[in-house]
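S.K.: With this note's numbering applied, the sequence shown closes on residue 450, and no number is skipped along the way. Backbone N, C-alpha and C fix where the C-beta goes; we use that ideal spot for every residue, glycine too. Predicted, not measured: the structure shown is a model, and the values here were computed from it. Pasting in a structure now, in structure tokens, and then I'll have a few things to ask.
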Amino acid sequence: MKKLFIKTYGCQMNVYDSARMAELLAPIGFCPSDTLDDADMVILNTCHIREKAAEKIYSELGRLRQQKEKRKLTIAVAGCVAQAEGAEIIARAPQVDIVVGPQSYHRLPEMIARIARSGGQALETEFPALEKFDALPNDASPGGVSAFLTVQEGCDKFCSFCVVPYTRGPEYSRTVAQIEAEAVRLVARGAKELTLLGQNVNAYRGEGPDGKTWSLADLLGRLANIDGLARLRYMTSHPRDMSDDLIAAHRDLAQLMPFLHLPAQSGSDSVLRAMNRGHSVAEYRRTIDRIRAARPDIALSSDFIVGFPGESDADFAATLALVRDVGFAQAYSFKYSRRPGTPAAAARKQIPDGVKEARLQELQTALGEQRAAFDTNSVGRVLEVLFEKAGRRAGQAIGRSPYLQAVHVENAAAHIGAIGRVHIDAVFPNSLKGRLVAEHEKAMRH
Ligand code: 5AD
Ligand code: SF4
């Protein structure tokens with residue numbers, strides 16, 4: 005067996021893709037290794053969202069070249085940097101054997117065989133999305149109590165700051181039958197929770213078993229019938245695609261967890277317009293109201309960008325006002341960073357880094373307070389926790405609440421893989437601590 009080391013950057017979809025690549029290469033003699041030291045092949049599964057992503061990959065490739073001078077090593081670059089840089093990588097980094105975009109992974113075995121036979125470098129960055137899922141192996145991703153399942157890929161929205169429409173290609177949805185078959189296999193291998201993934205997951209429009217086009221709500225309803233599947237989640241959603249049937253599913257489907265990641269990006273209409281988000285702040289607020297009417301306890305999450313070109317103090321104040329009014333359980337926030345090739349990168353009114361930094365600090369402070377408030381509100385309550393893995397301490401188990409909060413519990417290792425009722429005792433910056441209800445009651449009696 006040859007050893008394969010995959011280094012994964014970026015989002016959950018990359019984590020999922022890395023697992024699928026590992027499976028794809030197993031039949032041709034590669035077993036996964038968690039170190040580069042003795043690997044025969046290394047795949048960098050890259051992400052292009054953050055600043056200087058490509059530069060970081062080139063310096064990583066510089067280090068790999070030194071390894072390759074000492075021993076035989078096949079080097080592949082996959083993911084969104086591969087898609088965006090393609091031929092540039094081939095030209096700049098001759099030590100790279102394979103460059104493969106996110107929609108061409110299924111060609112990896114063939115590419116490996118080709119370079120083994122005739123040497124040289126191989127490049128595949130087409131978007132034959134229809135082929136990819138058909139060609140990937142059927143025994144699906146690694147087991148695990150909480151598993152990811154890609155249902156949709158790509159994006160047609162073209163937000164002016166974002167590379168995804170260029171790197172992941174157009175929106176494409178897998179069929180309900182394909183997804184259901186993979187879900188059943190994951191549950192058979194121990195999954196109790198599935199998170200449906202997609203760059204625009206709520207824009208899902210896949211072919212149903214009746215030949216009609218099904219929505220994400222239809223798909224969730226179908227998957228909720230799988231025996232043994234306790235929880236369903238999905239991400240990432242776009243505010244424009246928060247349809248009535250999906251909101252109703254949050255009211256009607258017991259398995260659908262009360263958590264929604266719905267990036268707002270900004271609280272200013274003029275910034276949203278320049279971002280090409282396709283909705284106003286009032287529409288975002290209305291969407292939140294509709295969701296809360298259907299599911300009052302829902303935990304809301306978001307992404308924000310500060311310092312988008314042209315963002316004034318008043319625009320930024322509007323973002324803070326939106327945050328204050330909505331109340332987020334958690335959120336991510338980023339300084340705007342220029343992505344070559346995207347419209348916003350060419351905008352004239354770029355914001356100085358000092359201003360971006362100050363705004364980011366202020367926003368993160370506000371979001372941190374909201375998160376602490378949301379978490380503190382859980383103290384003294386009993387939450388259902390799906391235990392996923394052992395903690396650092398003996399007997400400790402770590403799981404997630406319905407609201408996606410990490411919860412650690414002593415003397416709970418026996419519950420891993422199951423849902424336990426947990427009395428929440430304390431809040432930490434990134435997690436909650438609690439006791440199984442039986443233990444809590446025992447302590448109360450003494
Ligand atoms: N600059 C800063 N943040 C960005 N994001 C995407 N592109 C950029 C960029 N050029 C953020 C958005 C998106 C999240 C995944 O990353 O907030 O929702
Ligand atoms: Fe990027 Fe906008 Fe598409 Fe999200 S919706 S992937 S931010 S272009």
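Tell me whether Q365 is buried or exposed, calling it buried when 16 or more other Cβ atoms sit within 10 Å of its Cβ.
M.R.: Exposed is the call here.
S.K.: Compute the minimum distance between the beta carbon of F162 and the heavy atoms of the ligand SF4, and state whether it is under 8 Å.
M.R.: F162: yes, Cβ under 8 Å from the ligand SF4.
S.K.: On the DSSP bridge list, what partners appear for K339?
M.R.: In the DSSP output, where bridge partners are listed per residue, K339 has V310.
S.K.: How many whole angstroms separate the CB atoms of E211 and T240, which I take to be in contact at a CB cut-off of 8 Å?
M.R.: At roughly 22 Å, the Cβ-Cβ gap does not stay under 8 Å, so E211 and T240 are not in contact.
S.K.: Pick out whichever of P262, A321, R289 and H283 has its Cα sitting closest to the Cα of R299.
M.R.: Selected option, being the one with the closest Cα: P262.
S.K.: I'd like to know whether the C-beta atoms of R404 and V413 end up nearer to each other than 9 Å.
M.R.: Contact: no.
S.K.: Can you round the beta-carbon distance between Q87 and G105 to whole angstroms, since I take them to be within the 8 Å contact cut?
M.R.: Q87 to G105, Cβ: 4 Å. Contact.
S.K.: Helix or strand or just coil, what does DSSP make of K56?
M.R.: Of the three classes helix, strand and coil, the one that applies to K56 here is coil, per DSSP.
S.K.: What is the DSSP secondary structure of E197, counted as helix, strand or coil?
M.R.: The answer is strand: DSSP assigns E197 an E or B state.
S.K.: To the nearest angstrom, report how far apart N415 and L390 are at their CA atoms.
M.R.: Spanning the two alpha carbons is a distance of roughly 15 Å.
S.K.: Return helix, strand or coil for Y176, following the three-state DSSP convention.
M.R.: Here Y176 sits in strand by DSSP.
S.K.: By the 10 Å Cβ neighbour count, where 16 or more other Cβ atoms means buried, how is A57 classified, buried or exposed?
M.R.: Per the 10 Å Cβ criterion, buried.
S.K.: Thinking just about the alpha-carbon of each residue, which of Q400, V441, H444 and V168 is nearest to the one in C51?
M.R.: When only C-alpha atoms are compared, the closest one is V168.
S.K.: Tell me whether M25 sits in a helix, a strand or coil according to DSSP, three-state version.
M.R.: It is helical.
S.K.: Grab me the residues of K393's own chain with a C-beta within less than 6 Å of its C-beta, minus the 5 sequence neighbours each way, in chain order.
M.R.: Excluding sequence neighbours, K393 sits near I402.
S.K.: Kindly confirm or deny that the region 204–219 and the region 148–161 touch, where touching means at least three C-beta pairs closer than 8 Å.
M.R.: Yes, the region 204–219 is in contact with the region 148–161.
S.K.: Could you check which residue in A187, S177, S150 and R24 has the C-alpha nearest to that of L112?
M.R.: Taking only the C-alpha atoms, the option nearest L112 is R24.
S.K.: Cα separation between Y340 and S164?
M.R.: Each residue's alpha carbon lies about 11 Å from the other.
S.K.: Mind listing which residues have their beta carbon within less than 6 Å of any non-hydrogen atom of the ligand 5AD? Chain order is fine.
M.R.: Checking every Cβ against the heavy atoms of the ligand 5AD under 6 Å gives I53, F165, C166, P267, Q269, D307, I309, F338, Y340, S341 and R343.
S.K.: Is it buried or exposed, G215, if we count other Cβ atoms within 10 angstroms and call 16 or more buried?
M.R.: The residue in question, G215, is exposed, as its Cβ has fewer than 16 Cβ neighbours within 10 Å.
S.K.: I47 lies in the beta strand (DSSP E); which residues open and close that run?
M.R.: Looking at the DSSP string, the run of the beta strand (DSSP E) that includes I47 is M45 to T50.
S.K.: On the CB-based measure, 16 or more other CB atoms within 10 Å of its CB, does K196 come out buried or exposed?
M.R.: It is buried - the Cβ of K196 has at least 16 other Cβ atoms within 10 Å.
S.K.: Is any heavy atom of the ligand SF4 found at a distance shorter than 8 Å from the C-beta of T240?
M.R.: Yes, the ligand SF4 has a heavy atom inside 8 Å of this Cβ.
S.K.: When every heavy atom of the ligand SF4 is checked, does at least one fall within less than 8 Å of the C-beta of N204?
M.R.: Within the cutoff, so yes.
S.K.: Below 8 Å on the Cβ atoms is my guess for V46 versus I61; work out the distance and round it to an integer in Å.
M.R.: Incorrect: roughly 12 Å between the Cβ atoms, too far for contact.
S.K.: By the DSSP assignment, the alpha helix (DSSP H) with T171 in it spans what residues?
M.R.: It spans V168 to T171 - the alpha helix (DSSP H) in which T171 sits, taken as one unbroken run.
S.K.: Work out the CA separation of L8 and A362 for me, nearest whole Å.
M.R.: For A362 and L8, the distance between alpha carbons rounds to 43 Å.
S.K.: Measure the alpha-carbon distance for R352 versus G83 and round it to whole angstroms.
M.R.: Distance between the alpha carbons of R352 and G83 is about 30 Å.
S.K.: Which complete beta strand (DSSP E) runs does the region 398–448 hold, if anything under 3 residues is left out?
M.R.: You should have 401–404, 410–413, 423–431 and 436–440.
S.K.: If I follow the unbroken alpha helix (DSSP H) through D121, where does it start and stop?
M.R.: The sequence shown places Arg at residue 121, rather than the Asp named in the question. Unbroken alpha helix (DSSP H) run through R121: L112 to S122.
S.K.: What residue range does the beta strand (DSSP E) around F320 cover?
M.R.: Taken as a continuous stretch (DSSP letters only), F320 belongs to no beta strand (DSSP E), being part of the alpha helix (DSSP H) at D317 to V330.
S.K.: Of all the options L77, T78 and I102, which has the alpha carbon lying nearest to the alpha carbon of E89?
M.R.: Looking at the Cα atoms, I102 is the closest of the given residues.
S.K.: For L127, collect the residues of the same chain with a Cβ closer than 7 Å to its Cβ; drop the 5 residues on either side in sequence, then sort them by chain order.
M.R.: Same-chain partners within the cutoff: G90, A91, I94 and V103.
S.K.: What residue range is occupied by the uninterrupted alpha helix (DSSP H) comprising H254?
M.R.: Per DSSP, H254 belongs to the alpha helix (DSSP H) from D248 to D256.
S.K.: Quick one: what's got a C-beta closer than 8 Å to E130's C-beta in the same chain, skipping five residues either side?
M.R.: Hits under 8 Å: G105, Q107 and S108.
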